[in-house]
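Scroll down for the structure; my scribbles are underneath it.
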Amino acid sequence: MQTRHFLQLIFMSALWGASFPLIRIASPAFGPWGLAGFRCALAAVVLAALMRVLRQSWPDKRTWLRMTLLSLATVVAPFVLFNSAALVLPSGYSAILNATVPLFGILGAAALGEERLTTRRLAGCALGFVGVALLVRLGPIAIDAQVILAALACIAASASYGVGAIFMKRATLAHQPLPVSAAVHVAATLVLLVPTAATTPSMQPTAAAVIAVTVIGLVTSGFMYWLSMRLMREIPASAATSPAFMIPLFGVTWGSLFLGEPVTAGMLPGCLLVLAAMALVTGFNPFRGAPPEP
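So for the sequence shown, numbering that gives the first Met the number 0 puts the first residue at 0; every next one is plus one.
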């Protein structure tokens, strides 16, 4: 992997890690569906504006069904699930559980016949789920049915991201990244239009919530989705999901700094097990030099 790719991945980790405290702020005000709808609409606006400035064409109408399916996997489902979890879990929890994205990416690639699932990777999967269970059990909040459901929502969202990355990679091979990114968010906005409208009367937006949804809509959704699609044209899909390794660090840090969320020693074993599982599943070794790029 080239240095510029690595630096871009770190940059993406920092911004995506910041999205979890912002979701924690905005979700109670807008609700899970409303926040997802406004987030997608803002992303669609900024991506459509970029399309106009850069004079790129929209994807052919025949591809919009595939774009809609891609939006369901990589935008609608994970947004609504993480928004729902944010009503219960501290943002650091969600960020750490998001570290399972590469695990599901590897499992999805194996299921689709794109990568081989080895014994090492199976062991990593098992270790990862043990780490998630330990994290939820030993974190700074009491365990109840709501917490367990919220953690499962985060895991389901991570699975959607991980498997969706495979189809994002395929989309970059057939289309330019910007038109695909814009089309995906337009499709997601249309899918979320009815549930967003239905929940509008119950919304209680605050100034902080409006700022939060604006930032995650324009930056961590619109711009960052486009950046990740551009990277996927140059690196493998599994590598493109690797920011999930560093997102817990940024997510816990931002949550502690800006929301005052507690960080306890009990979270460390689960976090370390999740990261160790990721290393087993992906073959990542920080002490070994990177192999030459193909």
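Glycine residues also receive a C-beta, built at the ideal position from the N, C-alpha and C atoms.
*To the nearest angstrom, how far is it from the Cα of residue 186 to the Cα of residue 66?*
7 angstroms
_Distance CB(residue 25)-CB(residue 208) smaller than 8 angstroms_ = yes
*Should residue 115 be labelled buried (16 or more other beta-carbon atoms within 10 Å of its own) or exposed?*
exposed
*Since residue 194 contacts residue 29 with CB under 8 angstroms, what's their CB separation in whole angstroms?*
The pair is not a contact, with the Cβ atoms about 12 angstroms apart (cut-off 8 angstroms).
*Rounded to the nearest angstrom, how far is the Cβ of residue 157 from that of residue 99, given a contact under 8 angstroms?*
5 angstroms
_Span separating the alpha-carbon of residue 18 from that of residue 92_ = 13 angstroms
*For residue 213 and residue 222, the rounded distance between their alpha carbons*: 12 angstroms
_Would you say residue 48 lies against chain D (beta-carbon separation less than 8 angstroms)?_
No chain D appears in this structure, which consists of one protein chain only.
*asked:* Once the 5 residues before and after residue 288 are set aside, which same chain residues still bring their CB inside 8 angstroms of it?
replied: In this prediction, residue 288 has a pLDDT of 45, which is less than 50 and means its spatial position is unreliable; what the coordinates show is noted afterwards. Here the set comprises nothing.
*Inspect the beta-carbon positions of residue 184 and residue 72 and report whether they are closer than 8 angstroms.*
no
*Report all residues from its chain with a CB closer than 6 angstroms to the CB of residue 153; omit the five preceding and five following residues, and keep chain order.*
84, 93 and 96
*Drop a sphere of 10 angstroms on the beta-carbon of residue 200, count the other beta-carbons inside from all chains shown, and report buried for 16 or more, exposed for fewer.*
exposed
*Looking at residue 38 and residue 216, is the spacing between their C-beta atoms short of 8 angstroms?*
yes
*Coil, strand or helix - residue 57 by DSSP*: coil
_Classify residue 150: buried if its beta carbon has 16 or more other beta carbons within 10 angstroms, exposed otherwise._
buried
*Helix, strand or coil: which one does DSSP assign to residue 77?*
helix
_Sequence-distant residues of its chain with Cβ nearer than 6 angstroms to residue 145 (five each side left out)_ = 87
*asked:* On the CB-based measure, 16 or more other CB atoms within 10 Å of its CB, does residue 56 come out buried or exposed?
replied: exposed
*asked:* Extract the residue ranges of the alpha helix (DSSP H) inside the segment 138-224, only unbroken runs of 4 or more that lie entirely within it.
replied: 144-173, 176-198 and 206-214
_Minimum C-alpha distance to residue 171 - residue among 202, 192, 122 and 226_ = 226
*Give the straight-line distance between the Cα atoms of residue 33 and residue 118, rounded to the nearest whole angstrom.*
42 angstroms
*Proximity winner among 220, 142, 102 and 47, relative to residue 123 (alpha-carbon distances)*: 102
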